[in-house]
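The block underneath contains the structure these notes are about, expressed in structure tokens.
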Amino acid sequence: MKDNLRFDTILIHGSDVEEPFGAAVTPIYQVSTFKFKNAAHGAACFAGEDPGFIYTRIGNPTISALEKTLAKLENAAKCVVTSSGMAAVNTVYMSFLSAGDHIVSTAAVYGPSRVVIEKYWSRFGIQYSYIDTTDVENIKKAIRPNTKMLYLETPTNPTIAITDLKAAAEIAHQHNIVVVVDNTFCSPILQRPLDLGVDVVLHSMTKFINGHADIVAGAIMSKTEALDKIIRPTMVNMGCNMDPTQAYMVIRGVKTLSLRVKKQQENAQIIAEWLEKHPAVASVAYPGLPSHPQYELGKKQMDGPGSLISFELKGGHVAGEKLMNNIQLVMLAVSLGGVESLMSHPASMTHSKMTKESRLEGGITDGLVRFAVGIEDVNDIIADLDQALRKCI
Ligand SMILES: *Cc1c(COP(=O)(O)O)cnc(C)c1O
């Protein structure tokens, strides 16, 4: 009965752990260390012959329950959770890159995922190429004899461009390159890269998976046990582990992933269509609109267009700031994937440290607005947007 459960059931029953006191949900095992029954038991735990827990940085019942659920959601062999999304990103880099190796990556990845390569990992001899991966021909051209990792993010932030994961993975595998996808923007309900040939998926669970803007957390899912055997010890030895209370919060948050994402997406579709007709708006990027340049690929690769919209204001930078100063219900904040609607203006906020030229190279124009749609009543969101957008005309 408990095998082959469907997605929404896994969200609730995925961990399938028998609690010693019959607790209906996994409790918080807020402990750092675990008692062994005797010396032989301790030795067996360390040898991996006994599944018993040793020390929370290595493993913990609350954390393990979360990992079991998450692995099933992504159709992964194993999952390792981490203290943050960036801990997941750095654990993956550390697992597969050595001095002299080269990484090919989507140019418009989450900022810090690129910053750590350019600023820190380069100090240890890692070479890199940041390219537009929406054209897979660019991937072919960027691969060198020492390329060891293809690191993709789709859809991208904040431009919402889509990379063909199946085609990209096929190219990389011809060269024995490990393929990693940051799946944060979709969550496993909308996109399962491992099913498309990708080797490793990672998430900032701070966003959709936890979904309540109250926790920072990460996860790494591996297609095979062999990959997990590389990744898990790296996480443990680098000290990127999650805390048991953090795991408990995510266990609680993930149960409603399906309900939340469906409602967010329903709202986002209505809002995107409404924005496209608004006189203050020049263009809207949303995979659920036929005007999106990769509308067909999005439909094929994703199980829904998600709830991130970016749109361009006719009034440029000035209009962008005006909109941010006039929204009342929608919060002016970075992050995404929570139940509340959040809006930000990349040119004056998340990407303000870049030169205007490099912003434009990444498609970040002065009037670009990023909108992470929440689960509020869509009429209230639209009313708020309308009163604020009127001031931008
Ligand atoms: C937020 C985010 C991260 C980083 O995650 P943290 O939990 O903030 O460390 C990585 N990738 C993407 C796409 C993100 O949105």
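Quick note on numbering: this note's numbering labels position 368 of the sequence shown as 536, and the sequence is numbered without any gaps. Yeah, the Cβ is synthetic: ideal placement off N, Cα and C, and Gly gets one too. Being a predicted model, the structure only gives us computed values, none of them experimental.
Top-ranked residue by Cα proximity to E321, from R291, L370, D548 and K397: Indexing the sequence shown from 1 puts residue 321 at position 153. Minimum Cα distance to E321 is reached at L370.
Three-state class that DSSP yields for A450 in the structure shown: For the purposes of this step, residue 450 is identified with residue 282 of the sequence shown, where counting begins at 1. Strand.
Among all the DSSP beta bridges, which residues are the ones paired with V347? Looking up residue 347 in the sequence shown gives position 179. According to DSSP, which records beta bridges pairwise, V347 is partnered with L318.
Measuring CB to CB, does R614 end up less than 8 Å from V507? What is shown of the chain runs 169 to 561, which leaves residue 614 out entirely.
Based on the DSSP secondary-structure assignment, which residues constitute the bridge partners of A387? Reading the sequence shown from its first residue, position 219 is the one you call residue 387. In the DSSP output, where bridge partners are listed per residue, A387 has V249 and H371.
Where does F221 sit, in a helix, a strand or coil, going by DSSP? Residue mapping note: residue 221 aligns to position 53 of the sequence shown, counting from 1. In this structure, F221 counts as coil in the three-state DSSP scheme.
Thinking C-alpha only, which one of V418, Q462, E480 and G379 is nearest K445? In the sequence shown, the residue the question calls residue 445 occupies position 277. Considering only alpha carbons, the answer is E480.
Counting pairs of Cβ atoms below 8 Å between the stretch 244 to 252 and the stretch 400 to 413, do you hit three or more? yes
Could you check what DSSP says for R400 in three-state terms: helix, strand or coil? For the purposes of this step, residue 400 is taken as the residue at position 232 of the sequence shown. Residue state, collapsed to three classes: helix.
What are the start and end residues of the beta strand (DSSP E) that includes Q359? The residue labelled residue 359 in the question sits at position 191 within the sequence shown. First-last for Q359: undefined, no H or E at that position.
Output the distance between the C-alpha atoms of Q469 and K205, rounded to the nearest integer angstrom. One-based indexing of the sequence shown puts residue 469 at position 301. One-based indexing of the sequence shown puts residue 205 at position 37. Cα-Cα distance, rounded: 50 Å.
Quick check: the Cα distance between F539 and L510, rounded to an integer number of angstroms? The residue given as residue 539 occupies position 371 in the sequence shown. The residue given as residue 510 occupies position 342 in the sequence shown. Those two C-alpha atoms are separated by around 6 Å.
Three-way DSSP call (helix, strand, coil) for F479 in this model: Start at 1 with the first residue of the sequence shown, and residue 479 comes out as number 311. F479 falls in the strand class under three-state DSSP.
Ignoring anything shorter than 3 residues or poking outside the stretch 508 to 537, list the beta strand (DSSP E) runs there in chain order. 510 to 512
Three-way DSSP call (helix, strand, coil) for H584 in this model: This structure cannot speak to residue 584, because the chain is shown only from 169 to 561.
Is DSSP giving M417 helix, strand or coil here? Along the sequence shown, one-based indexing puts residue 417 at 249. Residue state, collapsed to three classes: helix.
Return the chain-ordered list of same chain residues with a C-beta closer than 6 Å to the C-beta of S273, the five sequence neighbours on each side being excluded. Residue numbering aside, residue 273 sits at position 105 when the sequence shown is read from its first letter. Taken in chain order, the residues that qualify are Y298 and Y319.
Could you pull out every residue in the same chain whose Cβ sits closer than 7 Å to the Cβ of T301, ignoring the five residues on either side in sequence? Residue numbering aside, residue 301 sits at position 133 when the sequence shown is read from its first letter. Contacts found: T274, I307, L320, T331 and A336.
From the DSSP secondary-structure annotation, give me the bridge partner or partners of A540. Mapped onto the sequence shown, residue 540 falls at position 372. L476 and L510, per the DSSP bridge assignment.
T201 bridges to which residues according to DSSP? The residue labelled residue 201 in the question sits at position 33 within the sequence shown. Y223, per the DSSP bridge assignment.
List the DSSP bridge partners of S297. For the purposes of this step, residue 297 is taken as the residue at position 129 of the sequence shown. According to DSSP, which records beta bridges pairwise, S297 is partnered with V272.
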